[in-house]
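Residue numbers (my numbering): 2 to 502.
Shown next, in structure tokens, is the structure this report addresses.
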RNA sequence: GGGCGCGUAGCUCAGUGGUAGAGCAUCUGCCUUUUAAGCAGAGGGUCGGUGGUUCGAAACCACCCGCGCUCACCA
């Protein structure tokens, strides 16, 4: 980890020496530019034996096989690896310089494409230029192919701590990692393009907020010096986006980081990416259909398939997805109607299910727990769970016909929630009452309960059209679609404890 | 936060109380179509840290640091 020159190890010391020797030869070890006209993939895909195609490529040296007056090396560019072949009698001085180059160095190569005796498409080098000398040894793995054509990797860089802390190294030596992040980016642009095409406006709302809300979570607190006030890092975008619906936009969305000051594990990072969408004059029924379209659009344009493997499960996103009622699903499993049941009955049920009852659990948390324990794990194929108890949803509109529930749905896949949506509560009088109920929970010790947001109430008192709202946890969606079981494997720089010294 | 596990060379790992090891990487020599290139030789370690037990600790004990898995809470 240490960058002090005083205690670098032998390998690094050697590279500093090579750097000096190269400079003595008149070589600038950190070049200014190099014009490229091909990449490894293009060369391999468009190979023609007779053409002797001239190419200029650049990349990082990943393997060297020196054989005296000739050498082979593999260089890696954005698209993959390609072999290069160098001969002393052809490149002279540059061959001497090549002897001072290492795995990890970045080079620019000119040459012609050929196929070796053993059949590998390679570049026969006519000119080699050092572009950046690498001073640290890469934890390079060796690859081989067994008799069945399977790739075997020896000594793969596997230490998760180092991989997360030094993601740049992880990306260099573990190509699958790079692939996941490319896919993540494609998923996000597919979402953005889809929403733009529907005519929704991408907006940006404050991360620093004097009051936080829109979700049940504990916030990060920061301080503004000039105003001398504490501010919160947002836990959700919801309340600002709905203000914009009041303002008259015909559909707004935001893809951005939210921050929650809670534990970290394989599905939680303190900062994570949310997509929230609000569409006026629509309700949650409309939104369910929209979610089906959005997700199948991603499947089509990014993956061109609807079937995915996640862990040991096969998930099929083919629509229509199953829809089940939250209350009925629990009743089917337990025989208890959680709307009608008293708090004592709920406690009894929870206890029978082996749920650990913390102090001061309210109805809402009890019901939520019972659902997580009984129904959630079985929701493997995409399923809409609809109509949640009102206690769980202080920002959702009362159901138009059913007592005790709101018009809300969550979408579950592989036993995990991937989105949350509702017909937004636009009755300011009801909204005030819900906030006041939250305050009671807060006073009873629930740190995650909402505060009263007077400005938000003022906004909807001016009148907010009926609105459908949606939140999608992007990191978890990416995990699902790329078959990654840890959120840290879909976040480039996951939160880590500070490195010691 | 609780439980379980891990930390030895640049990387991947052996090493259960008695001279710190292997493969790859590195260095030297040979080698002009190799591909885990090969052959011959060499260097490289505060065994995560601090204390303790012991004649003697990489190993045993305690505490600390970091990481992973898992449970709880949350998206």
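No residue lacks a Cβ here, since even glycine has one placed at the ideal position from N, Cα and C.
Quick caveat: nothing in here was measured; it's all calculated off a predicted structure.
Within 10 Å of its beta-carbon, does residue 310 have 16 or more other beta-carbons around it, so buried, or fewer, so exposed?
What you label residue 310 is simply residue 309 of the first chain in a count that begins at 1. Its Cβ having fewer than 16 others within 10 Å, residue 310 is exposed.
Exercise. Is the Cβ-Cβ distance between residue 371 and residue 350 less than 8 angstroms?
Worked result: The residue labelled residue 371 in the question sits at position 370 within the first chain. The residue labelled residue 350 in the question sits at position 349 within the first chain. Taking 8 angstroms as the Cβ cut-off, residue 371 and residue 350 qualify as a contacting pair.
Does DSSP classify residue 360 as helix, strand or coil? Position 359 of the first chain, counting from 1, holds the residue named residue 360. Per-residue confidence for residue 360 stands at a pLDDT of 48, beneath the threshold of 50, marking its modelled position as unreliable; the derived number appears in the next sentence. DSSP places residue 360 in coil when its eight states are reduced to three.
_Rounded Cβ spacing between residue 1 and residue 365 (contact assumed at less than 8 angstroms)_ = Missing from the structure shown is residue 1; the chain here goes from 2 to 502 and no further.
**Request:** Assign residue 39 to one of three DSSP states: helix, strand, or coil.
**Result:** Residue mapping note: residue 39 aligns to position 38 of the first chain, counting from 1. Three-state result, residue 39: coil.
Handout entry: residue 75 classed as buried or exposed, judged by whether at least 16 other C-beta atoms fall within 10 angstroms
Key = Counting from 1 along the first chain, the entry for residue 75 is found at position 74. Looking at its Cβ environment, which holds 16 or more other Cβ atoms inside 10 Å, residue 75 is buried.
- Message: I believe residue 108 touches residue 102 by the beta-carbon criterion, under 8 angstroms. Please report the beta-carbon distance rounded to the nearest angstrom.
- Response: Within the first chain, the letter at position 107 stands for residue 108. Within the first chain, the letter at position 101 stands for residue 102. Yes, residue 108 and residue 102 are in contact; Cβ-Cβ is about 7 angstroms, under 8 angstroms.
Quiz item: If we ignore side chains and look at the alpha-carbon of each, how far apart do residue 430 and residue 396 end up?
Solution: Against the first chain, residue 430 aligns to sequence position 429. Against the first chain, residue 396 aligns to sequence position 395. For residue 430 and residue 396, the distance between alpha carbons rounds to 12 angstroms.
Between the alpha carbons of residue 438 and residue 81, how many angstroms are there, rounded?
Translated into the one-based positions of the first chain, residue 438 becomes position 437. Translated into the one-based positions of the first chain, residue 81 becomes position 80. Answer to the nearest angstrom: the Cα atoms are 57 angstroms apart.
| request: Give a single yes or no on whether residue 371 has its beta carbon closer than 7 angstroms to a heavy atom of the ligand SAM. | output: The ligand content of the structure shown is nil, which means the ligand SAM is not present either.
Requested in this report: Please check the pair residue 65 and residue 41, which I expect to be a contact at CB under 8 angstroms, by giving their CB distance rounded to whole angstroms.
Outcome: To locate residue 65, count along the first chain from 1; it is residue 64. To locate residue 41, count along the first chain from 1; it is residue 40. Not confirmed; about 17 angstroms, so no contact.
Worksheet item: Considering only the beta carbon of each residue, do residue 468 and residue 328 sit closer than 8 angstroms?
Response: In the first chain, residue 468 corresponds to position 467, counting from 1. In the first chain, residue 328 corresponds to position 327, counting from 1. Not a contact, by the Cβ cut-off of 8 angstroms.
Check: Taking Cβ positions, are residue 1 and residue 234 nearer each other than 8 angstroms?
Finding: In the structure as shown, the chain begins at 2 and stops at 502. Residue 1 is therefore absent and cannot be evaluated.
In the DSSP assignment, find the unbroken beta strand (DSSP E) run with residue 55 in it and report its ends.
On the first chain, residue 55 is found 54 positions in, with the first residue counted as 1. Taken as a continuous stretch (DSSP letters only), the beta strand (DSSP E) holding residue 55 covers 55-67.
Look at the alpha carbon of residue 421 and the alpha carbon of residue 248, and state the distance between them as a whole number of angstroms.
As a first step, residue 421 must be located in the first chain, where it is residue number 420. As a first step, residue 248 must be located in the first chain, where it is residue number 247. Cα to Cα, the separation comes out at about 23 angstroms.
Out of 412, 232, 284, 72, which has the shortest C-alpha to C-alpha gap to residue 400? As a working mapping, residue 400 is identified with position 399 in the first chain. Answer by Cα proximity: 284.
Roughly how many whole angstroms lie between the Cα atoms of residue 266 and residue 496?
Here the question's residue 266 lines up with position 265 in the first chain. Here the question's residue 496 lines up with position 495 in the first chain. Their Cα atoms are separated by approximately 10 angstroms.
query = In chain order, what residues of the same chain have a beta carbon less than 7 angstroms from the beta carbon of residue 78, not counting five sequence neighbours either side?
reply = For this step, residue 78 is matched to residue 77 along the first chain. Taken in chain order, the residues that qualify are 40, 41, 58, 59, 60.
- Message: Using a Cβ distance threshold of 8 angstroms, determine whether the stretch 151-165 contacts the stretch 119-132, with at least three qualifying pairs required.
- Response: no
- Message: If contacts are defined as beta-carbon pairs under 8 angstroms, then residue 299 and residue 188 qualify, I think. What distance do you get, rounded to the angstrom?
- Response: Sequence index remark: in the first chain, residue 299 carries index 298 (1-based). Sequence index remark: in the first chain, residue 188 carries index 187 (1-based). Yes, they are in contact, since the Cβ atoms of residue 299 and residue 188 sit about 6 angstroms apart, within 8 angstroms.
TODO: Identify the continuous alpha helix (DSSP H) that holds residue 438 and give its terminal residues.
DONE: One-based indexing of the first chain puts residue 438 at position 437. Note, residue 438: alpha helix (DSSP H), 429-444.
Original post:
In this structure, does DSSP put residue 325 in helix, strand or coil?
Top reply: Taking the first residue of the first chain as position 1, residue 325 is located at position 324. It is a strand residue.
Report task. Would you give the residue range spanned by the beta strand (DSSP E) that residue 274 belongs to? Result -> On the first chain, residue 274 is found 273 positions in, with the first residue counted as 1. Where residue 274 is concerned, the enclosing beta strand (DSSP E) stretches over 272-281.
message = By the DSSP assignment, the beta strand (DSSP E) with residue 190 in it spans what residues?
response = Taking the first chain and counting its residues from 1, one reaches residue 190 at position 189. Here residue 190 belongs to no beta strand (DSSP E); instead the alpha helix (DSSP H) covers 176-198.
Indicate whether the contact test is met: 3 or more Cβ pairs, each with one atom in the stretch 89-98 and one in the stretch 134-153, closer than 8 angstroms.
no
* **Buried or exposed (CB count within 10 angstroms, at least 16 for buried), residue 410** => Here residue 410 is taken as the residue at index 409 of the first chain, counted from 1. Result: buried.
Next item on the list: Let me know if residue 117 comes out buried or exposed under the rule of 16 or more other beta-carbons within 10 Å of its beta-carbon.
Entry: Here residue 117 refers to the residue found at position 116 of the first chain. Result: exposed.
Q) What separation, rounded to the nearest whole angstrom, lies between the Cα atoms of residue 451 and residue 62? A) To locate residue 451, count along the first chain from 1; it is residue 450. To locate residue 62, count along the first chain from 1; it is residue 61. When rounded, the distance between both Cα atoms is 55 angstroms.
field: DSSP-derived helix/strand/coil call for residue 343
entry: In the first chain, counting from the first residue as 1, residue 343 sits at position 342. Reduced to three states, the DSSP call for residue 343 is coil.
Worksheet entry | Between the CA atoms of residue 491 and residue 185 - distance to the nearest angstrom | The residue labelled residue 185 in the question sits at position 184 within the first chain. The residue labelled residue 491 in the question sits at position 490 within the first chain. Computed Cα separation, rounded: 7 angstroms.
Considering only DSSP beta bridges, list what residue 473 is partnered with. In the first chain, counting from the first residue as 1, residue 473 sits at position 472. Beta-bridge pairing links residue 473 to 276, 420.
On the three-state DSSP scale, how would you describe residue 12? Here residue 12 refers to the residue found at position 11 when the first chain is read from its first residue. Here residue 12 sits in helix by DSSP.
Item to check | 8 angstroms Cβ shell around residue 30 - same chain, five flanking residues per side excluded | outcome: Taking the first chain and counting its residues from 1, the one referred to as residue 30 is at position 29. Within the same chain, residue 30 has close Cβ partners 20, 23, 24, 131, 133, 134.
- Task: Could you check which residue in 73, 94, 12 has the C-alpha nearest to that of residue 27?
- Result: The residue given as residue 27 occupies position 26 in the first chain. Closest option to residue 27, Cα to Cα, is 94.
Residue 161 lies in the alpha helix (DSSP H); which residues open and close that run? Translated into positions along the first chain, residue 161 becomes position 160. Residues 161-166.
| message | Between the alpha carbons of residue 447 and residue 345, how many angstroms are there, rounded? | response | By 1-based counting over the first chain, the position of residue 447 is 446. By 1-based counting over the first chain, the position of residue 345 is 344. So the alpha carbons of these two residues sit roughly 19 angstroms apart.
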